[in-house]
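In the UniProt record's numbering, the protein residues as written are 1 to 265.
Report on the following structure.
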Amino acid sequence: MLLNVIERGPDAPSPLPPVVLLHGLFGRARNLGFVQRKLAATRQTLAMDLRNHGNSPHGPMSYPAMAEDVLETMHHHGIKKALVLGHSMGGKTAMMLSLIHPQAVQSLLVVDIAPGQGGFARMDLPPGLDKLVFPPHLDLRSADELLRPLISNDAVRQLMIQNIRMGDNPGWAIGMHDILAGMPAMMGWPTLPPSAQYSGPTLFIRGETSPYIQPTNYPQMRHLFPHYRLETINGAGHWVHADAPRRFMELVEEFATQTEDASTP
Numbered sequence: 001m002l003l004n005v006i007e008r009g010p011d012a013p014s015p016l017p018p019v020v021l022l023h024g025l026f027g028r029a030r031n032l033g034f035v036q037r038k039l040a041a042t043r044q045t046l047a048m049d050l051r052n053h054g055n056s057p058h059g060p061m062s063y064p065a066m067a068e069d070v071l072e073t074m075h076h077h078g079i080k081k082a083l084v085l086g087h088s089m090g091g092k093t094a095m096m097l098s099l100i101h102p103q104a105v106q107s108l109l110v111v112d113i114a115p116g117q118g119g120f121a122r123m124d125l126p127p128g129l130d131k132l133v134f135p136p137h138l139d140l141r142s143a144d145e146l147l148r149p150l151i152s153n154d155a156v157r158q159l160m161i162q163n164i165r166m167g168d169n170p171g172w173a174i175g176m177h178d179i180l181a182g183m184p185a186m187m188g189w190p191t192l193p194p195s196a197q198y199s200g201p202t203l204f205i206r207g208e209t210s211p212y213i214q215p216t217n218y219p220q221m222r223h224l225f226p227h228y229r230l231e232t233i234n235g236a237g238h239w240v241h242a243d244a245p246r247r248f249m250e251l252v253e254e255f256a257t258q259t260e261d262a263s264t265p
């Protein structure tokens with residue numbers, strides 16, 4: 001499945017490894033826009049809408065399928081190998097890509113998610129969102145009023161509003177049915193063969209107040225990613241890049257610079 005992409009880069013071709021950016025659940029490519037704009041000053045960048053999100057096609061959700069989407073889209077844009085950065089669901093997709101197609105991943109940066117069961121539980125979404133009845137016309141204010149009785153958390157409600165088609169004949173602009181059906185798979189982690197391993201440079205960034213990377217995850221992280229490093233950003237939650245953008249960007253740029261040599265054949 002070819003994914004919708006926001007592509008940015010310098011005016012002249014860059015010798016530096018390209019960067020692929022993958023958003024979290026109910027997000028879209030532009031959620032990592034400030035990261036992309038910074039990195040695009042010196043290298044080619046692709047921010048992707050994962051399947052069922054943004055303007056990408058819809059279909060059943062699984063991490064192996066989503067990893068194949070990313071690989072196909074990379075190849076479509078002429079990228080054979082990239083630094084792959086993913087947040088939350090995008091982080092699990094990035095990890096899966098590195099494990100089943102390690103030749104496509106120059107280095108791996110995973111934001112606030114571990115390779116295992118977990119993630120997204122605090123979104124507290126009500127059932128039946130795919131059957132929500134929309135009025136004949138919708139703007140931002142009325143969309144907020146429509147969702148407020150269902151989603152009390154302001155940040156989560158705003159995240160969901162970005163996925164609504166506004167104006168006349170409004171509705172979900174995303175594959176809500178497929179996403180809800182795939183939630184168990186998105187919260188889980190597939191069983192992998194014992195030999196599965198990505199030996200390239202790997203950085204995990206976690207938010208100090210987020211529950212999604214715990215010491216119980218470290219053995220699996222070490223088994224799958226033997227060269228991983230973990231950085232914690234103090235005071236940040238699950239949306240690390242939004243809570244502490246300056247520190248987050250420092251870590252990303254430092255990692256990108258340190259791992260540039262890994263792309264040399």
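By construction, the Cβ of each residue, glycine as well, lies at the ideal position given by its N, Cα and C atoms.
Predicted, not measured: the structure shown is a model, and the values here were computed from it.
For residue i, is the classification buried or exposed, using 16 other Cβ atoms within 10 angstroms of its Cβ as the cut-off for buried?
i: residue 112; result: buried
i: residue 133; result: exposed
i: residue 41; result: exposed
i: residue 92; result: buried
i: residue 29; result: buried
i: residue 80; result: exposed
i: residue 200; result: buried
i: residue 155; result: exposed
Can you find the residues in the same chain that come closer than 7 Å, C-beta to C-beta, to residue i, ignoring five residues on each side of it along the sequence?
i: residue 147; result: 157, 160 and 161
i: residue 71; result: 97, 101 and 104
i: residue 180; result: 129 and 130
i: residue 178; result: 52, 58, 59, 60 and 61
i: residue 49; result: 3, 4, 28, 29, 55 and 56
Is the beta carbon of residue i less than 7 Å from the beta carbon of residue j?
i: residue 228; j: residue 204; result: yes
i: residue 171; j: residue 61; result: no
i: residue 217; j: residue 65; result: no
i: residue 267; j: residue 253; result: Nothing can be reported for residue 267, as the shown portion of the chain is limited to 1 through 265.
i: residue 164; j: residue 53; result: no
i: residue 238; j: residue 210; result: yes
i: residue 24; j: residue 89; result: yes
i: residue 188; j: residue 117; result: yes
i: residue 140; j: residue 109; result: no
i: residue 107; j: residue 259; result: yes
i: residue 69; j: residue 1; result: yes
i: residue 63; j: residue 184; result: no
i: residue 17; j: residue 83; result: yes
i: residue 19; j: residue 39; result: yes
Could you spell out where the alpha helix (DSSP H) holding residue i opens and where it closes?
i: residue 34; result: 33-39
i: residue 253; result: 245-258
i: residue 220; result: 218-224
i: residue 180; result: 176-181
According to DSSP, is residue i helix, strand or coil?
i: residue 63; result: helix
i: residue 208; result: coil
i: residue 117; result: coil
i: residue 151; result: coil
i: residue 166; result: coil
i: residue 1; result: coil
i: residue 137; result: strand
i: residue 50; result: coil
i: residue 99; result: helix
i: residue 203; result: strand
i: residue 171; result: strand
i: residue 45; result: strand
If you follow the beta strand (DSSP E) that residue i is part of, which residue opens it and which one closes it?
i: residue 87; result: 82-87
i: residue 7; result: 5-8
i: residue 22; result: 19-22
i: residue 233; result: 228-233
i: residue 109; result: 105-111
Suppose the cutoff is 6 Å on Cβ atoms and the five residues either side in sequence are ignored; what does the same chain contact list for residue i look like?
i: residue 36; result: 8, 21, 45 and 47
i: residue 225; result: 198 and 202
i: residue 230; result: 204
i: residue 243; result: 236 and 237
i: residue 220; result: 115 and 116
Output needed for residue i: all residues of its chain with C-beta closer than 8 Å, excluding positions within five of it in sequence on either side, in chain order.
i: residue 223; result: 197
i: residue 151; result: 124, 125, 126, 157 and 160
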